[in-house]
Amino acid sequence: MQYDFFVIGGGSGGVRAARTAAKLGAKVAVAEAGPLGGTCVNVGCVPKKLLVYASHYHDALAQAAGFGWTIDNARFDWPTLIQNKNTEVSRLNGVYETMLDQAGVTLYPEHAQVSGANTVTLASGKSIDCKHILIATGGQPTKPDIPGAEHGIVSDQAFFLDQLPRRIIIAGGGYIGVEFAGIFHGLGVETLLLHRGDGLLRGFDDDCRRFLAEQMQLQGIDVRLHTEITAIQPGQTLGAALNNGQAETADSVMFATGRKPNTDNLGLEALGIELTDKGAVVVNDHYTTNVDSIHAVGDVIDRIMLTPMALAEGTLVAERLFGNNPQPPDYDLVPTCIFSPPNMASAGLTEADARQRDHDIDIYRSTFKPMQYSLSDTPLRCLVKLVVEKKSQRVLGTFMVGPEAGEIMQGLAIAMRAGATKKDFDQTLGIHPTIAEEFVSLREPV
Ligand code: FAD
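Sequence positions in the sequence shown follow my numbering and run 135 to 580.
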């Protein structure tokens with residue numbers, strides 16, 4: 135065998151698995167058809183968060199007046215932002231290459247296919263034998279099958295637009311649609327967010343979802359539920375026909391309506407590797423497919439599509455195959471943040487999940503105007519919420535809608551992982567004055 139471990143896909147999960155395996159003494163190679171770092175670095179978390187930061191200046195400038203600042207002639211230049219973002223992404227591509235190199239991992243910068251239980255074939259025609267293969271090929275955005283869909287863009291393209299649209303329609307109320315609605319709105323684009331369901335961000339805490347939608351509307355983002363695009367008419371401005379018979383126009387239409395796993399042209403069907411209806415690779419608890427030597431992690435298995443989960447899964451596979459201390463990720467306690475305006479973050483069970491699992495629970499909840507808004511006329515408020523199991527007093531879920539919710543939630547997730555009870559929260563001194571102190575000041579269940 136030429137390699138102990140051959141990884142297809144140099145994104146979050148693949149690079150982490152490759153480096154971990156190499157550190158444990160395995161001979162490892164990675165094939166990557168695009169830029170290193172995958173979705174997260176190139177068209178996901180990283181560029182998205184940079185754009186989110188850019189969009190925050192809008193609110194900061196608006197609120198600054200209340201604190202005595204007059205800022206004349208503030209202007210925003212989209213090409214500068216995109217150019218600087220591209221420079222940062224290129225830097226990270228280089229960091230990934232260096233990390234692989236330093237770990238002694240061989241990089242094949244080309245497309246790869248599985249051609250046997252222990253064989254990978256590269257686009258250049260080279261065939262490579264290996265003991266284990268990891269499929270970490272991620273996913274890609276899809277568009278709905280409607281007339282004129284080709285005139286719309288998806289998130290991959292939104293990061294590279296030549297100009298900022300004056301008006302945009304975003305179809306899809308999942309986290310990508312919601313975050314981009316916040317980005318474009320914050321950068322001064324008239325933004326219409328359409329969602330076909332009855333609430334944004336399905337799967338998140340219902341209370342928080344409703345509260346966030348209200349906060350977004352208060353800021354001037356036009357959020358319409360039960361609404362989807364049925365056709366796009368090309369032209370200098372695009373025309374979007376809606377399912378309710380109405381029509382809208384915009385300079386750009388962005389579909390954030392779903393993603394599909396990258397399993398085409400991978401040779402999986404020929405090997406009889408089981409796929410779901412959606413094309414995701416089916417794996418067992420050890421991330422192994424129905425062929426013993428072939429494993430898969432990250433977005434391509436369509437479990438929880440987040441970078442930290444791909445990292446945890448990649449680490450686990452490498453440690454199980456080449457080490458002796460695998461720590462399976464905890465799918466019940468996945469802290470997460472929607473980088474919407476304002477942020478919405480959560481860790482643990484939602485109220486609905488907890489009830490569905492027959493937990494007898496108390497809810498602690500507060501909405502309030504944080505001090506940072508007190509000298510401006512913004513109508514925005516924060517929400518914090520705890521789901522607590524009555525008998526054990528364990529905190530099962532923590533939720534927040536408000537500034538920096540993601541930063542705050544990370545620490546709360548550690549407390550929950552350590553088994554924190556409501557009493558632990560109550561006995562923790564607050565840091566005053568902060569938004570986060572509200573989590574240790576919730577006295578009565580609602
Ligand atoms: P990827 O990172 O997608 O890597 C797969 C790699 O495989 C790609 O580089 C691809 O080119 C390569 N590849 C595919 N097929 C082949 C082949 N046959 N041969 C060779 N190479 C191949 N997650 C968060 O945690 N926080 C966020 O804020 C966040 N924001 C996001 C925003 C957006 C707009 C998007 C789209 C995603 C976001 N995510 C976020 C999700 C996160 O990016 C993914 O969960 C993560 O990147 C998945 O890692 P992966 O290793 O499974 O796949």
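For every residue, glycine included, the Cβ atom is placed at its ideal position computed from N, Cα and C.
Remember, predicted model here, so these are calculated numbers, not experimental data.
- At a cut-off of 3 residues, the continuous stretches assigned as beta strand (DSSP E) that sit fully inside the segment 344 to 428 are 356 to 358, 363 to 367, 372 to 376, 381 to 384, 386 to 389 and 393 to 395.
- Taking C-beta separations shorter than 7 Å and ignoring five residues to either side along the sequence, the partners of Leu467 in its chain run Ala481, Gly482, Ala547, Met550 and Arg551, following chain order.
- Bridge pairing for Val521: Ile497 and Gly531 [DSSP].
- Between Leu226 and Val175, the CB-CB gap stays under 9 Å.
- Thr204: not part of any beta strand (DSSP E); DSSP gives it neither H nor E.
- As DSSP reads the structure, Asp263 sits in a beta bridge with Thr253.
- Between the segment 277 to 296 and the segment 411 to 427, the count of Cβ pairs shorter than 8 Å is below three; the stretches do not touch.
- Sequence-distant Cβ neighbours of Leu346 in its own chain, meaning closer than 8 Å and more than five residues away, are Val312, Leu334, Leu335, Ile472, Ser474, Pro476, Met478 and Val535.
- Annotation: Pro368 to Val357 spans about 23 Å, alpha carbon to alpha carbon.
- Using a cutoff of 8 Å, the CB of Met543 does not count as near the ligand FAD, since none of the ligand's heavy atoms is closer than that.
- Excluding five sequence positions before and after Cys179, the CB atoms of its chain that fall closer than 7 Å to its own CB belong to Thr441, given in chain order.
- With a cutoff of 9 Å on beta-carbon distance, Val521 and Asp496 are scored as near each other.
- Between the ligand FAD and Asp433, a heavy atom-to-CB distance of less than 8 Å is present.
- Set against 8 Å, the gap from the CB of His245 to the closest heavy atom of the ligand FAD is smaller.
- Spatial neighbours of Gln217 in its own chain (CB-CB distance under 7 Å, excluding positions within 5 residues in sequence) are not present.
- Asp560: member of the alpha helix (DSSP H) spanning Lys556 to Gln561, first to last residue.
- When Cβ pairs closer than 8 Å are counted between the two stretches, the segment 240 to 255 is seen not to touch the segment 359 to 368, the count staying below three.
- The bridge partners DSSP lists for Pro275 are Arg393.
- Residue pairing by DSSP places Gly482 opposite Gly531 in a beta bridge.
- In the three-state reduction of the DSSP assignment, Ile302 falls in the strand class.
- Per DSSP, the continuous beta strand (DSSP E) segment holding Asp138 begins and ends at Tyr137 to Ile142.
- C-alpha of Gly250 to C-alpha of Glu453: approximately 23 Å in a straight line.
- Here the segment 198 to 211 makes no contact with the segment 272 to 282; the two share fewer than three CB pairs at distances below 8 Å.
- The alpha carbon of Thr397 has as its nearest neighbour, out of Val186, Val387, Leu376 and Ile435, the alpha carbon of Ile435.
- Taking all protein chains in view, the Cβ of Ala246 is crowded by 16 or more other Cβ atoms within 10 Å, so the residue is classified as buried.
- Of all alpha-carbon atoms in Tyr187, Val141, Lys394 and Ser258, the one lying nearest the alpha-carbon of Leu321 is that of Tyr187.
- Our two residues, Asn378 and Leu328, have alpha carbons roughly 12 Å apart in a direct line.
- In terms of Cβ geometry, Val415 and Ile310 do not form a close pair [threshold 9 Å].
- For the pair Gly401 and Thr271, the CB atoms are not nearer than the 9 Å cut-off.
- Contact between Asn424 and Ile407 holds: CB atoms are separated by about 6 Å, below the 8 Å threshold.
- Here Val229 is exposed, its C-beta having fewer than 16 other C-beta atoms within 10 Å.
- Taking 8 Å as the cut-off, one finds at least one heavy atom of the ligand FAD near enough to the beta carbon of Asn176.
- Shown here for Leu234: same chain residues with a beta carbon closer than 6 Å to its own, the five before and five after excluded, namely Leu241 in chain order.
- Close CB contacts of Asp332 within its chain, under the 7 Å cut and outside five residues either way in sequence, are with Leu359 and His360 (chain order).
- DSSP places Gln461 outside both helix and strand once states are collapsed to three, so it counts as coil.
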